[in-house]
Structures are given as C-alpha cells and as structure tokens.
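Here's what the structure looks like:
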C-alpha cells in the first residue's frame, strides 16, 4: 500500500495537482492507541489531507448474536477505549493534536468523554442511516446499515428475490425505523457507536 501511495504522490506532483484527495481512516482501540501520533505523521508523509479516527463501531451485544461472532464480541469488549484509562486516552489524543498543528492535516477524533453515551434525543439525531440508504451484502440481502456487517445478524430480505422498492417499503423495514425513532430502539442498535454518539 505504501508503494502505491508514493506512486500517487509522484503522479500528483507530476501533474502539479493536489488532487485526488487522500484521506486516512483509522479505528482506534487499546492496542493501537499509542501509535496514533505516528499514524498522523505517516498520513502527512503520504500526502493525506485528513485523518478520520473512529471508535470501534459496534459492540455486538445483542442477545440474538450468532455464536460464531462471540469471539468478536470478546475482542471488542477487550479493545474498546470506553474501558480504558481516560488519562491515557487524553495523552495520545493531545499528542496527535500537537502533531496535526505542526503539519496541517485535518484530524477528527471520536467522542470518548467519560465513557458514557452522549445525551442525544431518540430517533434520527442518533442515527438516520436506515432512512438515507440501503446496505446490501454480496448475496443481495438488505441491511439497515453497514454496522450490522452481516445479514445473519439482521436483514430485511433479498434483492435477488424482491425489488428494492418492496424491501425499502416492507413492514419489517418500517417497523425497524419506527422503533429507531422512539425510546425503545432495536436491540441490535443499542451497542452501536453511532447510536450512542461515540463514533
């Protein structure tokens, strides 16, 4: 990957252009928190205009989680910054900000705060993804968002068998949206970083 990014930098320089923009996305967790300042330096060296640092996306905490995903749940529980020492997180976040100040890259850090979800109203302010677009697996199964990841956790039907309109307007999809709009969201959404305002 580094070789390809260097070739891209050479091509941009040869064209006397800053385009295309290169952005780096990083998932932050306990095991790589200490690398964050160096990742920012690396992003600068690769000619990135910004670095988007995101919290682990989903806790896989729903009671219906298929058994073969339980090791993933355990990994997430072990690696989430929500259980990390706040002072350690603050040290590396501040170090990353200092690097950014010196190199001029835009840095987006996740909300970690005190480890509790932000006080957000229910519904679309928390997550509007199921109203904005449809996510599909490679088999054609429709899911409410990319955080669900796999259709065996939740899906609304297969677009090989049904039209996109039928799936989008299905009773199951509408019920899911209605619950997400209210005070009793679907269980699968409750441990999601986007829904909790921690992404």
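Numbering (the numbering used here), first residue to last: 4 to 202.
Just so it is clear, CB atoms sit at the ideal spot from N, CA and C, and this is done for glycine as well.
In the DSSP annotation of this structure, the continuous segment of the alpha helix (DSSP H) that includes residue 96 starts and ends at 89–106. For residue 25, the closest C-alpha among the options 48, 40, 41 is that of 48. Contact between the region 72–86 and the region 166–176 is absent: fewer than three C-beta pairs spanning the two stretches fall below 8 angstroms.
Beyond the five residues adjoining it in sequence on each side, residue 126 comes within less than 8 angstroms, by CB distance, of 183, 184, 185 in the same chain, given in chain order. In the DSSP assignment, the residues bridged to residue 55 are 28, 111. The DSSP-derived three-state label of residue 145 is strand. Residue 35 sits in a helix when the DSSP states are folded into three classes. Beyond the five residues adjoining it in sequence on each side, residue 191 comes within less than 8 angstroms, by CB distance, of 65, 67, 151, 156, 157 in the same chain, given in chain order. Taking residue 37 as reference, the option from 61, 8, 88, 6 with the minimal CA-CA separation is 88. Under DSSP, residue 161 shares a beta bridge with 144. Residue pairing by DSSP puts residue 195 in a beta bridge opposite 61. Our two residues, residue 107 and residue 141, have alpha carbons roughly 39 angstroms apart in a direct line. The C-beta of residue 134 has fewer than 16 other C-beta atoms within 10 Å across all chains shown, which makes the residue exposed.
The C-alpha of residue 73 is placed about 24 angstroms away from the C-alpha of residue 179. DSSP lists 145 as the beta-bridge partner residues of residue 139.
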